[in-house]
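Peer 1: According to UniProt numbering, the sequence shown is numbered sequentially starting from 1. A virtual CB, placed ideally from N, CA and C, is assigned to each residue, including glycine.
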Amino acid sequence: MTETSPSSNHDIQLNVADNKPLVWGSRTYVMGIINVSPDSFSGDGLDNDVQSVIDQGLRFQTEGADILDVGAQSTRPGHEEITDHEELRRLIPALEGLIDAVNIPISVDTYKPVVARAAIETGANIINDIWGLKYDANI
Numbered sequence: 001m002t003e004t005s006p007s008s009n010h011d012i013q014l015n016v017a018d019n020k021p022l023v024w025g026s027r028t029y030v031m032g033i034i035n036v037s038p039d040s041f042s043g044d045g046l047d048n049d050v051q052s053v054i055d056q057g058l059r060f061q062t063e064g065a066d067i068l069d070v071g072a073q074s075t076r077p078g079h080e081e082i083t084d085h086e087e088l089r090r091l092i093p094a095l096e097g098l099i100d101a102v103n104i105p106i107s108v109d110t111y112k113p114v115v116a117r118a119a120i121e122t123g124a125n126i127i128n129d130i131w132g133l134k135y136d137a138n139i
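#1: So within the UniProt domain "Pterin-binding" (28-139), which uninterrupted alpha helix (DSSP H) runs reach at least 4 residues, ignoring any that extend past its ends?
#2: Do I67 and M31 have their CB atoms nearer than 8 Å?
#3: Between which residues of its own chain and Q56 is the CB-CB distance below 6 Å, once the five residues before and five after are set aside?
#4: Grab me the residues of A119's own chain with a C-beta within less than 6 Å of its C-beta, minus the 5 sequence neighbours each way, in chain order.
#5: Within a Cβ cutoff of 7 Å, which residues of the same chain sit near A101, ignoring the five residues on either side of it in sequence?
#6: Ordered along the chain, which non-local residues of its own chain (more than five positions away) have a Cβ less than 8 Å from that of I139?
#7: Around the C-beta of N103, are 16 or more other C-beta atoms found within 10 angstroms, so that it is buried, or is it exposed?
#8: With a threshold of 6 Å on Cβ separation, who are the neighbours of G123 within its own chain once the five nearest residues in sequence on each side are excluded?
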């Protein structure tokens with residue numbers, strides 16, 4: 001992901017996924033959320049089912065999503081913290097499957113530096129840190 005010059009005083013353009021620009025401030029972008037955690041707050045956790053993840057990603061893309069956001073660590077109230085290893089075990093196969101199947105940017109929802117680094121190395125375009133980079137300064 002690279003930041004480029006703003007197209008106006010208020011817009012910020014980010015080039016992601018084959019240099020398809022996202023111009024913040026120009027319009028509303030729709031993000032399809034895919035949870036690969038078995039204890040997702042929305043009850044849609046697709047843990048260990050890569051084909052279901054791919055199918056959901058393709059459905060979101062067909063229905064007009066601009067970005068997919070994949071998360072493997074539940075953050076619902078009362079959630080249990082999982083290890084980096086477990087988060088990667090859930091995330092990477094799903095991420096690899098989506099990268100091969102869709103042609104829209106993929107965001108990974110994580111606040112852990114090890115997971116963020118592995119996600120970018122695997123091909124994620126965006127890191128969505130719900131802590132706003134304040135949970136761990138190394139991210």
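Peer 2: Checking against the coordinates, here is how it stands:
#1: 50-62, 84-101 and 113-122
#2: yes
#3: I34
#4: V108
#5: I54, G57 and L58
#6: Y111, K112, P113, A116, I127, D129 and L133
#7: exposed
#8: I99
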